[in-house]
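The block underneath contains the structure these notes are about, expressed in structure tokens.
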Amino acid sequence: MALVAKPSSGDQGGDAPHLVFIPSAGMGHLLPFSRFIAALASQGNVDISVVTALPMVSQAEAEHFAALFAAFPAIRRIDFNLLPLDDATLAGTDPFVLRWESLRRSAHLLGPLIAGATPRASAVVTDVSLASQVIPIAKKELQLPCHILFSSCATMLSFLAYFPTHLDGANADHLAGDVDIPGIGRIPVDYPPNVLRNPDSLFTKQFIANGREIAEADGILLNTFDALEPEALAALRDGKVVPGFPPVFAVGPLKSTSTEKGAVHGAWLDEQPARSVVYVAFGNRNAAALDQIREIGAGLEASGCRFLWVVKTTVVDREDTAELNNVLDDGFLGRVHGRGLVIKEWVDQEAVLRHPAVGLYVSHCGWNSVTESAACGVPMLAWPMTLGDQRLVATVIRSAGFGLWLEHWSWDRESSLVRAAEIAEKVKAVMGDEAISARAKEVGREATKAVAPGGSSHRSMQEFLATLK
């Protein structure tokens with residue numbers, strides 16, 4: 077989808093600082109950018125430009141950017157046409173990791189684009205996946221402060237920041253054992269992204285390079301709040317993880333905006349009793365094997381609970397053409413009619429989680445999903461993937477006490493399936509756990525306090541803005 081450039085916010089005049097945002101790819105990375113940008117734009121005292129890389133990976137991303145610019149016409153758009161990535165050695169690589177690599181190899185073109193912005197840029201805010209390329213350009217070539225908007229939790233940031241030091245001490249080039257992070261504790265080898273065990277992986281090389289460079293950033297913005305991750309935030313801020321680490325601004329939970337696509341399915345939810353519905357969704361990039369999908373369906377059916385289930389069968393949205401009747405067991409939709417709603421389209425997830433009918437979220441543990449569930453006070457049943465940060469994210473759910481994580485549950489298609497009977501048992505157990513429910517509500521109240529005037533995240537946002545003046 078072609079996006080139409082909107083009027084420049086610089087035309088408004090004034091001495092507002094001009095922030096240039098450089099997002100990467102993947103909705104998990106784009107959502108915190110759009111939410112943070114929307115929060116700043118709504119305040120009206122910051123001039124904003126957004127670098128948009130072309131072509132885009134997915135239709136969902138194209139539509140997301142288009143909606144952001146439509147909602148905030150004053151935001152300037154800087155088109156960034158990527159160089160072709162002709163590299164036969166990268167065949168079969170994840171399409172979003174490929175996009176990060178394409179961005180990184182084209183990054184030398186960013187300097188002139190940012191230098192030509194009017195009014196002159198005051199600072200750059202980059203996605204962490206591009207940190208090792210963008211930080212030197214911003215600070216050395218352009219003489220601009222460079223901040224990172226980190227798309228995961230403070231625990232994952234601690235791991236990224238310390239990982240190069242760990243590798244140097246072990247004289248290694250990949251993850252080969254547990255990692256003891258000062259101020260955080262021991263991270264078992266199977267908690268971080270499992271691809272880091274492969275030294276030849278493109279992701280591993282990117283991850284290490286970014287980890288070595290982030291200490292040079294001028295600040296790091298996190299979509300979290302102090303009450304959710306107190307120990308990890310304190311360890312980062314006190315220099316225990318990495319001495320002299322940049323300032324860490326916990327500004328979350330960042331709220332969704334009108335730019336986010338999806339229906340609430342409110343009419344169906346409105347018909348359900350309070351806290352009776354299990355919401356099941358495993359992110360926009362995670363596709364389960366067909367046999368696991370059918371076990372999930374059988375488990376939800378056997379649980380006896382009402383449920384709203386978002387089914388995804390492919391990684392990239394434009395390839396997802398499978399019909400539900402061909403994915404689910406014969407007769408499933410008919411048997412659960414009335415108490416179960418199964419869909420494939422996007423939903424406004426935060427609106428779903430805010431609905432009073434929702435009592436549990438079964439999740440892959442993407443960080444945006446966890447912060448939304450925490451903010452809405454909804455308990456979680458954690459079923460993290462092993463490809464990304466989700467197992468480290470699951471530790472936050474466990475330590476904060478608002479959900480259950482079953483570590484033996486796996487998505488590895490070579491391992492045994494998580495069977496329907498156990499899924500049904502755990503869904504019923506968490507739905508009936510009053511202690512987890514009470515703790516989830518308390519976390520939700522803490523989230524509300526954090527972003528309110530005088531709250532910890534509100535103060536962090538003001539401290540960040542003060543650095544730009």
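When the letters of the sequence shown are read in order and numbered with this note's numbering, they come out as residues 77 to 545.
Virtual Cβ for every residue (Gly too), placed ideally from N, Cα, C.
Rounded Cβ spacing between residue i and residue j (contact assumed at less than 8 Å)
i           : j           : result
residue 295 : residue 533 : Actually they do not touch by this definition, with Cβ atoms about 15 Å apart.
residue 293 : residue 322 : 5 Å
residue 284 : residue 240 : 6 Å
residue 379 : residue 201 : Actually they do not touch by this definition, with Cβ atoms about 43 Å apart.
residue 297 : residue 190 : The pair is not a contact, with the Cβ atoms about 19 Å apart (cut-off 8 Å).
residue 173 : residue 278 : 6 Å
residue 124 : residue 113 : 6 Å
Limits of the alpha helix (DSSP H) - the one that residue i falls within
i           : result
residue 534 : 532-543
residue 416 : No alpha helix (DSSP H) holds residue 416; the beta strand (DSSP E) holding it covers 416-419.
residue 346 : 342-346
residue 152 : No alpha helix (DSSP H) contains residue 152, which is instead part of the beta strand (DSSP E) from 152-157.
residue 105 : 103-119
residue 524 : 510-527
Residues of its chain near residue i, where Cβ-Cβ distance is below 7 Å and the 5 sequence neighbours each way are ignored
i           : result
residue 280 : 250, 271, 272, 274
residue 546 : Any answer about residue 546 is impossible in this case: the structure gives the chain only from 77 up to 545.
residue 289 : 207, 208, 211
residue 287 : 236, 237, 239, 240
Same chain, Cβ closer than 6 Å to residue i, neighbours up to 5 away in sequence not counted
i           : result
residue 221 : 199, 294
residue 238 : 257, 317
residue 215 : 222
residue 408 : 373
residue 357 : 386
residue 84  : Bear in mind that the predicted position of residue 84 carries a pLDDT of just 37, short of 50, making it too unreliable to give a figure here.
residue 530 : none
residue 465 : 228, 232
Assigned exposure category for residue i - 16 Cβ within 10 Å defines buried
i           : result
residue 121 : exposed
residue 175 : buried
residue 439 : buried
residue 394 : With a pLDDT of only 46 at residue 394, under the threshold of 50, the placement of this residue in the model should not be trusted; the figure read from the coordinates follows. Counting Cβ neighbours within 10 Å, residue 394 comes out exposed, since fewer than 16 surround it.
residue 111 : buried
residue 131 : exposed
residue 159 : exposed
residue 335 : Note on residue 335: pLDDT 48, under 50, position unreliable in the model; the coordinate value appears next. Per the 10 Å Cβ criterion, buried.
residue 400 : exposed
residue 348 : buried
residue 404 : buried
residue 545 : exposed
residue 315 : exposed
residue 264 : exposed
residue 219 : exposed
Cβ shell of residue i (< 8 Å), same chain only, five flanking positions each side left out
i           : result
residue 371 : 493, 494, 495, 496, 499
residue 231 : 260, 305, 308, 468, 469, 471, 472
residue 320 : 291
residue 411 : 377
Residue i, enclosing beta strand (DSSP E) - first and last residue
i           : result
residue 456 : 456-458
residue 256 : 255-257
residue 465 : That residue, residue 465, is in no beta strand (DSSP E); it is neither H nor E in DSSP.
For residue i: DSSP bridge partner residues
i           : result
residue 406 : According to DSSP, which records beta bridges pairwise, residue 406 is partnered with nothing at all.
residue 357 : 439
residue 130 : 157
residue 123 : 94
residue 136 : Partner(s): none; residue 136 has no beta bridge.
Residue i at chain C interface by Cβ criterion, 8 Å
i           : result
residue 233 : Structure shown: chain C not included; a single protein chain is present.
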